[in-house]
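Following: one structure in structure tokens, then a few remarks.
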Amino acid sequence: MIGQAGNTPILVLKEGTRREKGKGAQFENISAAKAIADAVRTTLGPRGMDKMLVGGLGDVTITNDGVTILKELEVEHPAAKMIIEVAKTQDEEAGDGTTTSVVLAGELLKKAESLIERNVHPTVIIKGYRMAESKAIEVLEKVSLPVSIKDKDILNDIARTAMYSKSASSSMEVLAKISVDAVAAIAEERDGKYLVDDDNIQFVKKHGASIDETELISGIIVDKEATHTAMPKLVEKARIALLDAALEIKKTEIDAKIEITDPSKLQQFLAEEENMIKRMVEKVKQSGANVVFCQKGIDDLAAHYLSKDKIYAVKRVKKSDMEKLAKATGANIISRIDDLASADLGNAQLVEEKKVLDDRMTFVTGCKNPKAVSILIRGGTEHVVDEIERSLVDATSVVAVAIEDGRMAYGGGATATELALKLGDYATSVGGREQIAIEAYAEAFEVIPTTLAENAGLDPIDILIDIRKAHKSGQVSAGVNVITGKVGDMKREKVIEPIRVGKQAIHSSTDAAVMILKIDDVIASKAKDMTPPKGGAGGMGGEDY
Numbered sequence: 351m352i353g354q355a356g357n358t359p360i361l362v363l364k365e366g367t368r369r370e371k372g373k374g375a376q377f378e379n380i381s382a383a384k385a386i387a388d389a390v391r392t393t394l395g396p397r398g399m400d401k402m403l404v405g406g407l408g409d410v411t412i413t414n415d416g417v418t419i420l421k422e423l424e425v426e427h428p429a430a431k432m433i434i435e436v437a438k439t440q441d442e443e444a445g446d447g448t449t450t451s452v453v454l455a456g457e458l459l460k461k462a463e464s465l466i467e468r469n470v471h472p473t474v475i476i477k478g479y480r481m482a483e484s485k486a487i488e489v490l491e492k493v494s495l496p497v498s499i500k501d502k503d504i505l506n507d508i509a510r511t512a513m514y515s516k517s518a519s520s521s522m523e524v525l526a527k528i529s530v531d532a533v534a535a536i537a538e539e540r541d542g543k544y545l546v547d548d549d550n551i552q553f554v555k556k557h558g559a560s561i562d563e564t565e566l567i568s569g570i571i572v573d574k575e576a577t578h579t580a581m582p583k584l585v586e587k588a589r590i591a592l593l594d595a596a597l598e599i600k601k602t603e604i605d606a607k608i609e610i611t612d613p614s615k616l617q618q619f620l621a622e623e624e625n626m627i628k629r630m631v632e633k634v635k636q637s638g639a640n641v642v643f644c645q646k647g648i649d650d651l652a653a654h655y656l657s658k659d660k661i662y663a664v665k666r667v668k669k670s671d672m673e674k675l676a677k678a679t680g681a682n683i684i685s686r687i688d689d690l691a692s693a694d695l696g697n698a699q700l701v702e703e704k705k706v707l708d709d710r711m712t713f714v715t716g717c718k719n720p721k722a723v724s725i726l727i728r729g730g731t732e733h734v735v736d737e738i739e740r741s742l743v744d745a746t747s748v749v750a751v752a753i754e755d756g757r758m759a760y761g762g763g764a765t766a767t768e769l770a771l772k773l774g775d776y777a778t779s780v781g782g783r784e785q786i787a788i789e790a791y792a793e794a795f796e797v798i799p800t801t802l803a804e805n806a807g808l809d810p811i812d813i814l815i816d817i818r819k820a821h822k823s824g825q826v827s828a829g830v831n832v833i834t835g836k837v838g839d840m841k842r843e844k845v846i847e848p849i850r851v852g853k854q855a856i857h858s859s860t861d862a863a864v865m866i867l868k869i870d871d872v873i874a875s876k877a878k879d880m881t882p883p884k885g886g887a888g889g890m891g892g893e894d895y
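Start counting the sequence shown at 351; every next residue gets the next number (this note's numbering).
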């Protein structure tokens with residue numbers, strides 16, 4: 351970047367800095383964003399393909415989950431990173447629709463690129479896109495339908511739709527029911543509305559057995575075994591104490607040294623230590639607890655006394671598991687053993703140590719109205735189990751947001767086509783230059799049904815003509831049936847998704863497109879070369895490195 355003062359050039363930026371401005375900068379950014387969208391486009395829908403991602407250490411991930419693919423990609427271009435943020439935000443807010451939002455963002459930028467080539471100014475495009483975004487949300491609200499926590503069949507359909515494109519589709523009936531039951535268990539009603547915290551669902555993966563053996567546990571699985579071999583392996587009608595305090599002798603907080611000069615005093619000292627541990631165990635016993643989960647350590651001697659009293663104990667339990675146990679059993683987490691009382695104990699029908707594969711685990715089951723539950727995921731290999739977990743996370747997330755929002759919309763490109771048509775009508779009523787941008791925005795939505803058709807090996811043009819015809823005749827639920835290869839009724843096919851998936855895809859894709867379109871100048875500093883000059887660190891020549 352060079353300024354001019356008379357005949358003397360003035361260097362403003364550091365030598366070696368690369369600068370791209372005007373249309374060149376916009377087209378470069380749009381190309382990078384489109385490349386990311388194209389990378390995941392083939393994974394969209396039930397007939398989408400999987401990607402194999404190989405990490406730097408040779409670890410392999412096989413998935414068609416958009417956000418997982420994009421998180422694994424090591425991307426340098428800043429515009430491409432913005433598109434990856436779209437997928438991450440979509441995943442955090444709605445749990446599904448990550449590929450849809452990225453593909454939509456890419457298409458919005460593709461349409462904007464052709465408008466810029468026709469000398470339509472980016473600010474006009476941005477204004478039109480923002481107007482279209484508001485109208486799209488309005489139309490989406492109108493075409494959406496109500497759903498509640500009591501509509502178990504519809505919630506099952508929502509979970510199945512989320513899993514249809516995943517590897518879990520062969521067992522989606524079993525997994526969908528598990529997802530709905532898990533979310534329904536942890537949903538909390540406040541002021542007439544439901545709130546669902548996904549963190550209250552614990553996923554425990556163990557390969558081996560079949561996917562159909564995946565099960566919902568009305569309680570918590572703790573990946574630990576009993577502290578002492580003599581402890582009971584099964585405790586019925588468990589009274590559970592949760593301790594955030596060690597059942598062992600505390601070390602002094604400051605450096606201290608105890609000198610014992612008389613041999614008889616040594617025995618007294620050891621006896622007192624033993625009595626202290628005995629008193630701790632007695633306090634646990636007096637509370638009525640027959641199961642103890644301790645976040646900290648349990649002394650060997652304490653474990654011995656607990657086993658003699660037929661008390662099942664587990665040590666070094668993770669904080670997150672302790673919190674889930676509290677929600678599942680109704681117990682209070684106690685920080686001082688002396689404060690432990692009967693009222694602080696939780697209840698479970700059964701606490702049992704089981705061997706799953708090569709690991710021994712503690713199952714806390716039969717909890718009454720648990721507000722935290724566990725799903726034990728099974729599958730043939732580790733890769734399968736990982737993909738089943740991703741499918742279940744998506745399914746539980748969409749069921750949760752459907753319950754929270756109480757609204758749903760049709761999938762299979764049905765809602766996208768309806769939005770495209772309604773926005774096209776809206777564009778003609780707006781007039782002016784913004785009309786061109788709104789029409790481009792409307793056309794961008796048609797990328798969803800065309801991509802679904804392409805990925806299923808169908809003719810996208812024929813499908814688009816048929817789906818437009820169906821919607822113009824008033825069939826709001828008409829979408830792409832990738833199984834029959836024709837336009838079908840998504841209501842009858844039970845292809846539905848929460849309204850939040852569509853809303854978030856519209857918001858995040860528009861935000862990303864607008865942000866990229868507003869950039870007309872890219873100034874990239876030259877990366878520092880850290881390679882030492884020839885001749886080693888003491889070499890001559892005055893080179894900077």
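The C-beta atom is built at its ideal place from N, Cα and C for all residues, glycine as well.
Taking all protein chains shown into account, decide if residue i is buried (16 or more other Cβ within 10 angstroms of its Cβ) or exposed.
| i | result |
| --- | --- |
| G408 | exposed |
| S827 | buried |
| P472 | buried |
| A955 | Lying before the first or after the last residue shown, residue 955 is absent from the chain, which here runs from 351 to 895. |
| L742 | buried |
| P396 | buried |
| V546 | buried |
| P720 | buried |
| D744 | buried |
| L584 | exposed |
| Q440 | buried |
| R850 | buried |
Which stretch, first to last residue, makes up the alpha helix (DSSP H) that contains residue i?
| i | result |
| --- | --- |
| P810 | 810 to 822 |
| I345 | What is shown of the chain runs 351 to 895, which leaves residue 345 out entirely. |
| V390 | 373 to 391 |
| T778 | 764 to 780 |
| E609 | No alpha helix (DSSP H) holds E609; DSSP gives it neither H nor E. |
| L318 | There is simply no residue 318 to check, as the chain begins at 351 and stops at 895 in what is shown. |
For residue i, does the three-state DSSP call read helix, strand or coil?
| i | result |
| --- | --- |
| I599 | coil |
| M711 | strand |
| H427 | coil |
| H733 | helix |
| S685 | coil |
| M581 | coil |
| L909 | The requested residue 909 is not part of the displayed model; the chain covers only 351 to 895. |
| E702 | strand |
| A887 | For A887, the predicted model reports a pLDDT of 43, less than 50, meaning its position is unreliable; a value from the coordinates is still stated below. In this structure, A887 counts as coil in the three-state DSSP scheme. |
| I869 | coil |
| I352 | Any reading at I352 must be qualified, since the residue scores a pLDDT of 49, below 50, and its modelled position is unreliable; no value is offered. |
| A828 | strand |
| V404 | strand |
| I833 | coil |
| E539 | strand |
| L739 | Sequence check: residue 739 is Glu here, not Leu. Here E739 sits in helix by DSSP. |
| E565 | strand |
Measuring CB to CB, does residue i end up less than 8 Å from residue j?
| i | j | result |
| --- | --- | --- |
| F713 | K704 | yes |
| N414 | K555 | no |
| I412 | M402 | yes |
| H557 | T731 | yes |
| A722 | Q854 | no |
| I846 | I487 | no |
| A678 | C717 | yes |
| A663 | I627 | no |
| V748 | V453 | no |
| N640 | R710 | no |
| K461 | E804 | no |
| L802 | V837 | no |
| E565 | L700 | no |
| S724 | I571 | yes |
| I499 | V864 | no |
| V410 | H733 | yes |
| I684 | L592 | yes |
Opposite residue i in the DSSP bridges: which residues?
| i | result |
| --- | --- |
| P848 | M758 |
| F553 | I725 |
| Y662 | V641 |
| A588 | A698 |
| V572 | T712 |
Terminal residues of the continuous beta strand (DSSP E) containing residue i?
| i | result |
| --- | --- |
| F643 | 641 to 644 |
| D839 | 836 to 839 |
| Y514 | Neither: Y514 is in no beta strand (DSSP E) and is coded neither H nor E. |
| T413 | 410 to 413 |
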